[in-house]
Structure formats: C-alpha cells, structure tokens
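Protein chains in written order, with my numbering: chain C, 1 to 214; chain W, 215 to 428; chain H, 429 to 642; chain D, 643 to 856. Think of the CB as a built atom: it goes at the ideal place given N, C-alpha and C, for glycine as much as any other residue. Just so it is clear, the structure is predicted and the values come from calculations on it, not from any experiment. Input: a single structure, listed below in structure tokens.
There are 4 protein chains.
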Amino acid sequence: MDTTTGPKSDPDQELSRSQRRRRNDIVEAALKVFDRDGYEAAKMIDIAKEAEVAKGTLYLYFENKSVLLEGVIQTAILPALEQIGGAAKVHTGSAQELLEHHIRIIAARQASPEMKMLIRLMISAPEQHAQLIRFFHGHVVQEGLELIRSTLRTGVESGEFRPDVADMDPLVLVGSHVYAPVWHNLFQDEGPLDIDRLVEDNLKMVMSGLLVRS
Amino acid sequence: MDTTTGPKSDPDQELSRSQRRRRNDIVEAALKVFDRDGYEAAKMIDIAKEAEVAKGTLYLYFENKSVLLEGVIQTAILPALEQIGGAAKVHTGSAQELLEHHIRIIAARQASPEMKMLIRLMISAPEQHAQLIRFFHGHVVQEGLELIRSTLRTGVESGEFRPDVADMDPLVLVGSHVYAPVWHNLFQDEGPLDIDRLVEDNLKMVMSGLLVRS
Amino acid sequence: MDTTTGPKSDPDQELSRSQRRRRNDIVEAALKVFDRDGYEAAKMIDIAKEAEVAKGTLYLYFENKSVLLEGVIQTAILPALEQIGGAAKVHTGSAQELLEHHIRIIAARQASPEMKMLIRLMISAPEQHAQLIRFFHGHVVQEGLELIRSTLRTGVESGEFRPDVADMDPLVLVGSHVYAPVWHNLFQDEGPLDIDRLVEDNLKMVMSGLLVRS
Amino acid sequence: MDTTTGPKSDPDQELSRSQRRRRNDIVEAALKVFDRDGYEAAKMIDIAKEAEVAKGTLYLYFENKSVLLEGVIQTAILPALEQIGGAAKVHTGSAQELLEHHIRIIAARQASPEMKMLIRLMISAPEQHAQLIRFFHGHVVQEGLELIRSTLRTGVESGEFRPDVADMDPLVLVGSHVYAPVWHNLFQDEGPLDIDRLVEDNLKMVMSGLLVRS
DNA sequence: GATGAATGAGGGTTCATTCAT
DNA sequence: GATGAATGAACCCTCATTCAT
C-alpha cells in the first residue's frame, strides 16, 4: 500500500493530471514573483497567493524556496530556451547562410522573457546558482558560441570568409544579442529594443563591416 | 547654517576631514560587501565590520541600507565610470580612428569591477533602483551609444563608411563589450574573458566584416 | 442505537472485526512512535506509515493526537501493567514470603517496556496527562505501596518484623525497582540494569540490613 | 577596535555586570518555562516575556533554543547539583556514619527542583540530550553510586557490614531517593513526598533490615 | 560623535487537522 | 470507510534599525 504523503514522493513521473496542473500553477506563480521581486525578496506567501494555494501547499511540491527556484528553471526556463534552439541543427547551405541562420536563432533565443529572468536570477545570486550557471555556460552559451565558431571555420575553408576570422572570438558576432536580456531587465521602461532591426544591422556589419570597399 | 546636526545633514559640504575619511571607509566596505553578497543578502553588520566601525555608525552617515547603496553608487561607482570615459571627448582624427578609439574606451569602461557590480545591483533589484537605472541609461549607455552613432554619421559623411551604416544601431558595434560585465558576473569561474582579443576581433569585424572582398 | 457514524462513535462496542484490527494496528504503531520520539516530537504521518494506513484514517479512530495517546495508554499500556500485577492478590504465606512476593511482582512490573514508555509520556507532559497521572498514582502506585504497607503491618502483628517498621514508608522497600523505568529511559546505552540481581540484593537488604548481628 | 556585535562573542568571561544579569534573567526564565512546558513545547517568545526582554535578545546570548537549554543546564542545574554534593568528600568516621552521610547527601541532592527539571528534560528527549545524559550518568549517578559502593567495602573490611554486602548493587540503598524527582514530576499534586521521613526510614532499613533479630 | 545591546516585524518552514474524492 | 492533497496557525530565527550610554 502506498502511504506516502504528497506528490513530492515521486518527483518526475507519477503525478495525476490535477497535480500536474497544480505544480504548473505554482511554477508559473513562482516565475512571476521571482521575476518581479528577485529571488531573495520574493516571499513564499506571495507565490502561494499568486498560485491561489495555501502556503503549505508549496511545500508539498517543492522542498523549499531554493528547490522551487530549481523547479522554475527546470520546468519553465530551460525548456523554453531549448525549444528556440531546437531548429539550429537542421540547416544546410552556404557558410554565410548558415551563419545568418545561427545568429537569428541566437538572437531569438535571447529575446525570450525566460532568458530575461534567467539572467536576472543568475546575476542576483551567482553563489547559490553555481550549478545552474555551469549548466547554462556549458549548454547554452558555449554551445551557441561553438556553433558560430565552427561555421566561421567552415566559411574560411570554403573560401567564403577571410582566413583571419577562423579563430575570431564568436562573441563579437552575437554580443549585441546576448546583451538583449540585460537590456530588457534594465531599460525596458526607457524604450524597447528593436530586435529585428538589431539582427539586420548586426548581420550587415558581420558580413561586410562598415568600410567602403576600395 | 546649522552645524549642530550630524554628518548626514549636508552630504556634500560640512564633513570634517575625519568624517570624510569615515564616510569613505564605509562606502568602500559597503562596495565590497554588496559586491560579494548582493544587495539583499548583504548584512549591515558585515559592512560595519569591514569598515571597522560600529553598526550604529553606519546610520550616522547613511539613513538606511538603501541610502547606503545610493551612496556607494554615487561615491564609488559612477565616478569610476566617468573617469574612464573622460578621455572620450578629446580625440580627433579619421572617423575610423575615432570609432576605434571610442570602442576601446567603451570596452575598457565595461571591463572595470565597478561596472560588474553596478550591473549586478541594477539587475538584482531594478524596481528599487529605477532612478539609478534612468541615470545610468541616460548618462552612460545612451551617451556611449550616441558617441558611436555620431561617429558613424561622421564617417558616412566623410565617405569612410558605407552610406547604409548611418542609421545602424550602435549597439551592434559594442554588444560584446557591454556584455562583458555580465560575463564577469556569471562565468568568471568558467574562464576569463580575453578583453584585449575581444576588442581586436571586434574592430576587425566592425571595419571589414567577414566576407572576402570580391 | 445510531450505527451510521464511524468507529469513533462508541469506542468499545460497535467496531467490526476488521475495524478492531485496524484500531489495534494504529495503537501499536502509535505506541512505537511515541516511545521512539516522545509525544511532542511524534508525527501523525509517521504513525500512519507505521500502521500502514493513510493519515486521515487515524482521525476516523481517534479524534486527535492527544486522544490517540489516551488510546495507547488505555489499550496497550495499562492492561499490560495490570496483567503483571494480577497475580499479586492470590498469595498466602508468612509475611516475609508475602513481602518478597510483592516486591518481586512490583519489580517485574516496573521492568516492562510499557512502564518505561508510560513514565516517559507522563513526565514529558504532565499537565496534559493529569487524569492519567491521577489514575496511575491511584491504581498502580498507591495500590502497590498499600500492598507493601499492609504486609509490613501483618508482619509486625505476626512478630516477624520489628514493631517500628509498621509505619515505614513503603517506598523505601521498592525505590530501586520503581526507578528502573527511569534508568531504562536514560541509561540503557550506558549499560543495562541487572533486574534480577537488584531484586536479590534488595531483598537481602530489606530483610536483614547491612549490619552484622551483634 | 572590537566591533563584534553582542555578548555571545566571548561566552565565558568578558560579560559586563549588566550583561551577566541579563544572561541570568534569561536562564532563569528559560528554566521556568522549560520546567513548566517541557523543552519541545516551550516557546521562545514565552521565555522572552518571562525574562522581560524581546525575542531577539535571547539570540544575543544563546545561539538557538537548544543552546539555551544547554545554558540552563550548565548555568543553573549542574552547579546546583554539585553544590549539594560538594560536602560529600570531606567526611570521616565509621563506615556506618559515612554511609549515612552519603545517603543523606544523595537524598538532599535529589530533592532539589533542579534535579526535578533535569530528569524531566532528559526523559522527554533523550536522543537530543545524549551528551547531557552521558555526563549526568558519569558524573552524578555513577559517582554517587561509587561513593556508596566504596563505603560498603570499607564497612565490610572494618567488620561493620556483613561480608555479603560488598558486591551489593548500591542502587538498592538509594533507590527511593533517586526516585524522588520522578515523584515530584508526577505526583506533586497528589501529595508531597516526606523526604526527611523517607531518609530516616531508609537508613533504618538499610542498617538493620526489617526482621527481628533472633 | 560613536557604540553595540536591544528591539520586533517579518519570513521560511512544519505539521496537526480537514474534507473532497 | 479510506485516502492524501490541501490548509493555515504556529514557531524558530534573522537582521535592519533604534537609542541609552
């Protein structure tokens, strides 16, 4: 006989439909409150109210505040980022086309509200999120940069790109895009970032630079 | 003028030499602790210990924790940023040289530890730092971008730059540099950012793009 | 009689066979957990798990935690004590033999695990167990002491015991035995109590004292 | 400059007069509340009110509830017990006199309110007080029993006591006295224990037993 | 001015109890 | 009847702030 108490007992699979919904409500409420107040200042009672459950209910689904944050990241943030990036691998074409594709993907990924919040959480309390940061660095940042890097090399090999760009730091190609979540966090009130225009301008510069051709 | 009240009464003028020193000790201690722990997690007692004063003394110089943070920003962070940027205005030369100069200045400014901390503080609690963010946006970000923008126009007018870069979003020219403080906050443990190489690669790309010239 | 209500309605009579079994499982589980953790620290969920029922089921049989404790005492503890003492009344013989018999009975009774637990529960929360304590005092302690007292008088009357022991406090005859449950609660880890030897030594002393006979 | 915060920083020596008084107030308040409610049920806020300080003040003097308990034991309970026992070592005389002296000392020690509370605390939560119990067993119980044991041997050697009492378990000589704190915890409402009479009766029995001398 | 002991509001967490299924 | 998810009162502890010395 299963006499375990709550949904916490089997964290991954065996939640009933209504429990999954409840868990999701909590995650979304937490996402909202963490996003609004930051992790430290966020109050469990506010998350509970936002999710329309009692305070104790939060602890049926998440061991404590820190685990709830992990849940938010695992359930709401990382999947959202991966979805965006999913298409990156199925493209073919010239190195220039490929590079353009990658840059567009990366820019789109950075523009998501999840990325905005992820950046905020990680910067707010890096010590407490060391694991998350390592994961993010390895699986989002480095992976994205590596995509650029390999495309640069492909382009050099194919003769499309100048030889000296083979070991260019990929960050210079996407710096303005990875900065987008920071902009969103800080300057949304001062005026939005025109992502599309940024992408086009970035591509223009990346491909041709600024100088007139002699 | 009333001189019977404490050092708080007139923040700029009426401090004795020793009071100014004391105030400075506190600001530096606060800078260190805010940087290490973040604003929310920073404890007043730790700042007091770091400054080698009693807890109550903090409140003789700063009304409360939030005001202390403002003091840190006004006293230690913003001046440091302006110092770096100070040289920006005294340059002459070709548009290309000028642009290179500005980019180098901006990159250097972003690399400073003060910028790292400023970004962290603002992102951690944007609501509480709305004023600061507005100031930062107006006097650091927009000013820097405007510098780039006007140089782009100058270069177009002088025929150095292609005509279509006149309206280019300046952020694409310095995105990887303004991202540096974020990188420092998050990924210092995973490996440093080679700022110098980033600048050179950035300049290379900015000027010439990646494509081989036909 | 109303039979629509649950098993709680009439604690003695109207339980089906399976309900009696269920009730017993709960009482035994509670006994174990109360004994292990103490009343305050004992968790209802642990008792439910131990009894292999759901938490809510506990409340079908016992109104609340306190009533459950009463149930444990009434159902499991007191009967066990009376069983041991049951034989006390059927003895005849010399006062010395009778006294020896009573002391052995009392010693055995005190050595039981139920007594250990009863003492712990009563001492942990005397205010909440005032009724139980009164019952225990009246029906176990005083009854036992009275048995000793009357035997002392019998022995004095019969000339077996010295006259001045007629109104001796009976506790001095069994103090080391009634202390046994305390010892078990506190010092079991430091080494067991040799009850049999204690009884023999006690009897030796009780009968003859320590002094050599002149 | 000493910028440490509170009196906790140097737990043993350097408390000012008023701090010592404050600490003592808290210990006494805690003693009272622990005694009244038991450790688990005792509330920090009640202790604070009893000591007429704010809740936070408790934590200036004691790290947490558990440490406060240790403080109560170290400061109020153990010294009280040792005071009573202090005289035990300075006695000389016949073995009989010595034994009587020791028994009186032990009886007096057990009768103290501190002992009552100590027993309650240890029995209520033995797992959490394992260290205290070991200390108590080693330094109070065994030491007391050893005193009896060695006196018995002395008496046997001197010919005062019968030879067969040399290995007698000392607990049988003082069982009714060490039971006293248990009695006080449980049965104070049902009638007090007449300690003096208990001691006299105990001595009478210990020396001469009950039987008439042939 | 400087100190640091004292304050007490506030937050995270636990767990006895309830009640819809 | 049986279940266990949900509830929310209660409690420990922290720490920004105050104020008597």
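Reduced DSSP secondary structure (H/G/I, E/B, other) of residue i
i	result
F375 of chain W	strand
D617 of chain H	helix
Y467 of chain H	coil
A80 of chain C	helix
G307 of chain W	coil
D415 of chain W	helix
G358 of chain W	helix
S446 of chain H	helix
G423 of chain W	coil
D194 of chain C	coil
A608 of chain H	helix
A244 of chain W	helix
D239 of chain W	helix
T4 of chain C	Caution applies to T4 of chain C, whose pLDDT of 42 falls short of 50 and renders its modelled position unreliable; the value that the coordinates give is listed next. Looking at T4 of chain C - three-state DSSP - the assignment turns out to be coil, as it is neither helix nor strand.
Chain W residues whose Cβ lies nearer than 8 Å to that of residue i
i	result
F187 of chain C	I347, H351, V355
Any non-hydrogen atom of the ligand NAD within 8 Å of residue i CB
i	result
Q559 of chain H	Ligands are entirely absent from the displayed structure, and the ligand NAD is therefore not among its contents.
Residue i to residue j span [Cα, whole Å]
i	j	result
G499 of chain H	V455 of chain H	7 Å
H771 of chain D	L787 of chain D	22 Å
G352 of chain W	E52 of chain C	40 Å
I73 of chain C	M115 of chain C	10 Å
T646 of chain D	V709 of chain D	Note that T646 of chain D has pLDDT 41, beneath the 50 cutoff, so the model's placement of it is unreliable and the number below is only indicative. Taking the straight line joining both Cα atoms gives about 20 Å.
K674 of chain D	A553 of chain H	15 Å
G583 of chain H	R532 of chain H	17 Å
R664 of chain D	R762 of chain D	26 Å
D196 of chain C	F349 of chain W	27 Å
A523 of chain H	I719 of chain D	43 Å
G466 of chain H	P541 of chain H	14 Å
Q784 of chain D	L813 of chain D	10 Å
M258 of chain W	T271 of chain W	11 Å
A80 of chain C	L69 of chain C	16 Å
S604 of chain H	S818 of chain D	6 Å
F248 of chain W	I320 of chain W	24 Å
F803 of chain D	I775 of chain D	33 Å
V627 of chain H	D595 of chain H	22 Å
K204 of chain C	D403 of chain W	34 Å
R250 of chain W	A482 of chain H	48 Å
Proximal residues of chain H, C-beta to C-beta of residue i below 7 Å
i	result
N844 of chain D	V600
L789 of chain D	Within 7 Å Cβ-Cβ: nothing; L789 of chain D doesn't reach chain H, min ~15 Å.
L840 of chain D	D597, L599, V600
Listed by chain order, chain H residues near residue i by CB distance under 9 Å
i	result
S818 of chain D	D597, L599, V600, L601, V602, G603, S604, V606, Y607
Residue i: contacting residues in chain C (beta-carbon distance under 9 Å)
i	result
E404 of chain W	I133, R134, H137, G138, V141, Q142
Neighbouring residues, chain W, relative to residue i (Cβ below 9 Å)
i	result
S53 of chain C	Before going further, note that residue 53 of chain C is Val rather than Ser in the sequence given. Per Cβ cutoff of 9 Å: no residues; V53 of chain C is ~25 Å from chain W at best.
Interface partners of residue i on chain D, CB under 7 Å
i	result
V455 of chain H	Going along chain D, no residue has its Cβ under 7 Å from V455 of chain H, so there is no contact; the nearest lies around 22 Å.
Legend entry - Residues, ordered as in the chain, of the region 101-126 of chain C that lie near chain W by beta-carbon distance below 9 Å: I119, R120, M122, I123, S124, A125, P126
Inset, instruction - At 4 residues or longer, and completely inside the region 473-501 of chain H: list those alpha helix (DSSP H) runs for me, N to C. - result: Counting whole runs of 4 or more residues, the region 473-501 of chain H contains the alpha helix (DSSP H) stretches 483-489, 493-500.
Legend entry - Residues, ordered as in the chain, of the region 365-385 of chain W that lie near chain C by beta-carbon distance below 8 Å: L366, G369, G373, E374, F375, R376, D378, V379, M382, D383, L385
Legend entry - Contained alpha helix (DSSP H) runs [length at least 4] in the region 309-348 of chain W, N- to C-terminal order: 309-325, 327-338
Inset, instruction - Would you list, in chain order, the members of the region 279-290 of chain W that have their beta-carbon closer than 9 Å to a beta-carbon of chain C? - result: none
Inset, instruction - Note down, in chain order, all residues in the region 673-688 of chain D with a beta-carbon under 7 Å from any beta-carbon belonging to chain H. - result: G680, E682, A683
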